[in-house]
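K.L.:
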Amino acid sequence: MSTLVLIELNSDQVSANTRAAVTAAKLLSNKVDALILTNNSNYAKSVSSIDGIDTVKLITDDSLEHVSSEVASKLVSDVMDGYQYLVAGSSTFSKNILPRVGALLDVQPISDVCEIKSSNTFVRPLYAGNIMATVESIDPTIILTVRSTSFEHAPDGGSAPIEQLTVDIPKSNSSFVEIQESKSERPELTTAERIVSGGRGLGSKENFELIEKLADKLSAAVGASRAAVDAGFISNDYQVGQTGKVVAPKIYIAVGISGAIQHLAGMKDSQVIVAINNDPDAPMCRMADLVWQVDLFEAIDDMLKH
Amino acid sequence: MKIIIPIKRVLDPFTQARIDKQTQSVDLTNSKMAMNPFCEIAVEEALKIQESGHATETIAVSIGADKTIDTLRNALAMGVDRAIFVRTETELNLQPLTLGKILSAIIKKEGADLVIMGKQAVDNDNNQTGQMLSGLLDYSIGTFISKFKLSEDNNSVEVCREIDTGIETRNLKLPAIVTVDLRLNEPRYASLPNIMKARSKPLETVELSSLDIDTSPRVKVLGVEESGSKDRAAKQINSANELFEELKQLGAM
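Here the protein sequences line up with chains A and B, keeping their order.
Per my numbering, residue 8 is the first one in the first sequence, and the count goes up by one each step.
Per my numbering, residue 39 is the first one in the second sequence, and the count goes up by one each step.
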């Protein structure tokens, strides 16, 4: 039995959810190979040093820097011959590709796995995480995306051999135009130990900067509710929730977030939840460890002065 | 150009899902149902394209038992030209691979070059059907889009995709499928006159059994449980000082 992990790189850095995928893969089989689709073969080194990987398979081509789902799914499904599992971390990268691989291999993939019960039985969330379902795959090949908050992140410590694969890169009917990346010096949202998250209550983009200031003071990452993103206070990649990012930090400070179930779905496994809100009946206050009922600007001011 | 909009009827997203322990499934009897919010955004986008003169026809498709017609009527009331109802005898909770095969059969028959659908349904949260459908049809795919711009010659579309690291812009040659994210548009409400008009718009019923598609599930649900949330103290605090002290005591700082 062997498992292929589809690697997600942010330039030369292995994403945290990929490290979670490696841990999940090791629970499934003894042999775990990694597949990298990249424009730069130097990036393979950081993958080869992840603990627990047997062989790094590398496909390199200039066109793979911003690979399309169409091309990636074809390449992955061709490499899958001989593997019983395909695993990747839950992210927009893998969700763009793996379902299409499933269609090409006639397999029903399983999204957002939180627990591996046996070789073919998994636990995954439904209804924004309000329901957990135990599901069994009867496909001969099993395709999974796994939640990065549910599996340890495989550390460095390995030195797997790198095998360059020679393949034809298929033509794509879609082409990359540009990417507007959100650059930030702050900790990455999905792996941060502390998160300060702001909601509609902040009222404006200018006021939302207070959240960023507070985050910097606490060495925390910045998060946001859908309402704050919809209102244009901050960009989409900061959204926490059912359709945004799922986080489980040590401390989650929710400032002016009432707590729609879709938002709670993305942060309810945080170790300590702090609700800062002037409405004591807000759902967020009911599910918090610490509740500070106060005008949120007073609270931020007090914390910044502390 | 024809646009196909696959839509799904789901539990109203503002309703708490409850479990029926006997059947080990989510209890939907007497529950308020609604069109999946992402599907409403897909319908809105198709209508906007039609209003801009780029589409000749908009067709909503849904799969399910008889009540699914309500959701299709809703799409017709929003302004879609006609609807295709793929009827199942009972509610089957079909999986994305099967849904993809059914939709692929309908799309091939209709000859549509553009498919607009939600990025996920808020019941099963799979986020798979559009991508799988694109693989089955060998169409271009643009997932999680927040902007959509058709080229003048209707041969390609430029989309902005909301991804974990920011916003990616891609150009897709048609035929293509796009799956829509929340910030693409604000769906319209159906006006009363349009709700009345929708009753006389064409709604074709296709029996699922007539399509000759294997619908047996590849993934079996063995059981479900309400995850609930951890019992938390909701302890009142009144200052930053108290907050940081409490966080220290809880071992979080």
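Each residue gets a CB set at the ideal place from its N, CA and C atoms; glycine is no exception.
Nothing here was measured: the structure is a model prediction, and the numbers come from that model.
For A:C292, which residues does DSSP report across the bridge?
P.N.:
Paired residues: none, contrary to the question.
K.L.:
When the Cβ atoms of the region 210–223 of chain B are set against those of the region 162–178 of chain B, are three or more pairs found closer than 8 Å?
P.N.:
In short, these stretches touch, since the Cβ pair count reaches three.
K.L.:
Can you tell me which of the three DSSP states A:F158 falls into?
P.N.:
Note: A:F158 maps to coil in three-state DSSP.
K.L.:
With DSSP as the reference, label A:K275 as helix, strand or coil.
P.N.:
Three-state DSSP puts A:K275 in coil, outside helix and strand.
K.L.:
Here's the rule I'm using: 16 or more other beta-carbon atoms within 10 Å means buried, otherwise exposed. How should A:G164 be labelled?
P.N.:
The residue is exposed, with fewer than 16 neighbouring Cβ atoms inside 10 Å.
K.L.:
Just verifying my parser: in three-state terms, what is the DSSP assignment at A:K257?
P.N.:
Of the three classes helix, strand and coil, the one that applies to A:K257 here is coil, per DSSP.
K.L.:
Cα-Cα, which of A:Q187, A:I307, A:D85 is closest to A:G109?
P.N.:
Ranking A:Q187, A:I307, A:D85 by Cα distance to A:G109 puts A:D85 first.
K.L.:
Please confirm whether A:I280 and A:V301 have their CB atoms less than 8 Å apart.
P.N.:
Cβ distance not < 8 Å, so A:I280 and A:V301 don't count as in contact.
K.L.:
Kindly list the residues whose CB is nearer than 7 Å to the CB of B:K102, restricted to its own chain and excluding five residues on each side of it in sequence; keep chain order.
P.N.:
Residue identity differs from the one stated: residue 102 of chain B is Gly in this sequence, not Lys. So the list reads R47, T126, E129, once near-sequence residues are dropped.
K.L.:
Between the C-alpha atoms of B:K187 and A:D146, what's the straight-line distance to the nearest angstrom?
P.N.:
Rounded to whole angstroms, B:K187 to A:D146 spans 38 Å at the Cα level.
K.L.:
Which one or two residues does DSSP pair with A:L183 in a beta bridge?
P.N.:
The sequence given here has Phe at residue 183 of chain A, not Leu. Per DSSP, B:R208.
K.L.:
Please check the pair B:N74 and B:A159, which I expect to be a contact at CB under 8 Å, by giving their CB distance rounded to whole angstroms.
P.N.:
The pair is a contact, with the Cβ atoms about 5 Å apart (cut-off 8 Å).
K.L.:
Please report how far the alpha carbon of B:S265 lies from the alpha carbon of A:N137, in whole angstroms.
P.N.:
Their backbone Cα atoms lie some 5 Å apart in a straight line.
K.L.:
Going by CA-CA distance only, name the one from A:I260, A:L217, A:V184 that's closest to A:V74.
P.N.:
The residue with the shortest Cα to Cα distance from A:V74 is A:V184.
K.L.:
With 8 Å as the C-beta to C-beta threshold (strictly closer), list the residues of the region 196–211 of chain B near chain A in chain order.
P.N.:
Here the close residues are E196, R199, E200, I201, D202, T203, G204, I205, E206, T207, R208, N209, L210, K211.
K.L.:
Determine the DSSP secondary structure at A:L11, reduced to helix, strand or coil.
P.N.:
A:L11 falls in the strand class under three-state DSSP.
K.L.:
For chain B, check one thing: does any of its Cβ atoms lie closer than 8 Å to the Cβ of A:D302?
P.N.:
Judged by the 8 Å Cβ criterion, A:D302 is not in contact with chain B.
K.L.:
Taking all protein chains shown into account, do 16 or more other C-beta atoms lie within 10 angstroms of the C-beta of B:A271, making it buried, or fewer, making it exposed?
P.N.:
Classification for B:A271: exposed.
K.L.:
For the alpha helix (DSSP H) that B:R47 lies in, which residues bound it at each end?
P.N.:
That residue, B:R47, is in no alpha helix (DSSP H); its beta strand (DSSP E) goes 47–49.
K.L.:
Give the DSSP-derived three-state secondary structure of B:F52 in the structure shown.
P.N.:
Residue state, collapsed to three classes: coil.
K.L.:
For A:L297, is the classification buried or exposed, using 16 other Cβ atoms within 10 angstroms of its Cβ as the cut-off for buried?
P.N.:
Per the 10 Å Cβ criterion, buried.
K.L.:
How many angstroms separate the CA atom of B:Q169 from the CA atom of B:T181?
P.N.:
Their backbone Cα atoms lie some 8 Å apart in a straight line.
K.L.:
Could you check if A:T148 is buried or exposed, using at least 16 other CB atoms within 10 Å of its CB as the buried criterion?
P.N.:
Per the 10 Å Cβ criterion, buried.
K.L.:
Along the alpha helix (DSSP H) that carries B:C198, what are the first and last residues, could you check?
P.N.:
Unbroken run through B:C198 is the beta strand (DSSP E), 194–201; no alpha helix (DSSP H).
K.L.:
By DSSP, does A:N243 sit in helix, in strand, or in coil?
P.N.:
It is helical.
K.L.:
Run down chain A in chain order and give the residues with a C-beta less than 8 Å from the C-beta of B:T181.
P.N.:
Here the neighbours are S76, T99, K102, N103.
K.L.:
How many angstroms separate the CA atom of B:N232 from the CA atom of B:S238?
P.N.:
If I take the Cα positions, the gap works out to 10 Å.
K.L.:
To the nearest angstrom, report how far apart B:N162 and B:P51 are at their CA atoms.
P.N.:
Straight-line Cα distance between these residues: approximately 12 Å.
K.L.:
So is A:K190 buried or exposed if we call it buried at 16+ other beta carbons inside 10 Å?
P.N.:
Result: exposed.
K.L.:
Taking just the CA atoms, how far does B:N131 sit from B:V257?
P.N.:
B:V257 and B:N131: Cα-Cα distance of roughly 11 Å.
K.L.:
Would you decide whether A:V262 is buried or exposed? Buried here means 16 or more other CB atoms lie within 10 Å of its CB.
P.N.:
Classification of A:V262: buried, given that the 10 Å Cβ count is 16 or more.
K.L.:
When the cut-off is 8 Å and only beta carbons count, does A:A95 lie next to chain B?
P.N.:
Judged by the 8 Å Cβ criterion, A:A95 is not in contact with chain B.
K.L.:
Are at least three pairs of beta-carbons, each pair with one atom in the region 32–49 of chain A and one in the region 59–66 of chain A, less than 8 Å apart?
P.N.:
Counting Cβ pairs under 8 Å, three or more are found: they touch.
K.L.:
Compare the beta carbon distance of A:G266 and A:P287 with 8 Å and say whether it is the shorter of the two.
P.N.:
No, the pair does not count as a contact, with Cβ atoms beyond the cut-off.
K.L.:
Given a cut-off of 8 Å, decide if B:P44 and B:V99 are closer than it, judged by their beta-carbon atoms.
P.N.:
Yes.
K.L.:
With 7 Å as the limit, tell me which residues of the region 200–219 of chain A have their beta carbon closer than that to any beta carbon of chain B; keep them in chain order.
P.N.:
Under the 7 Å Cβ criterion, the region 200–219 of chain A contributes no residue.
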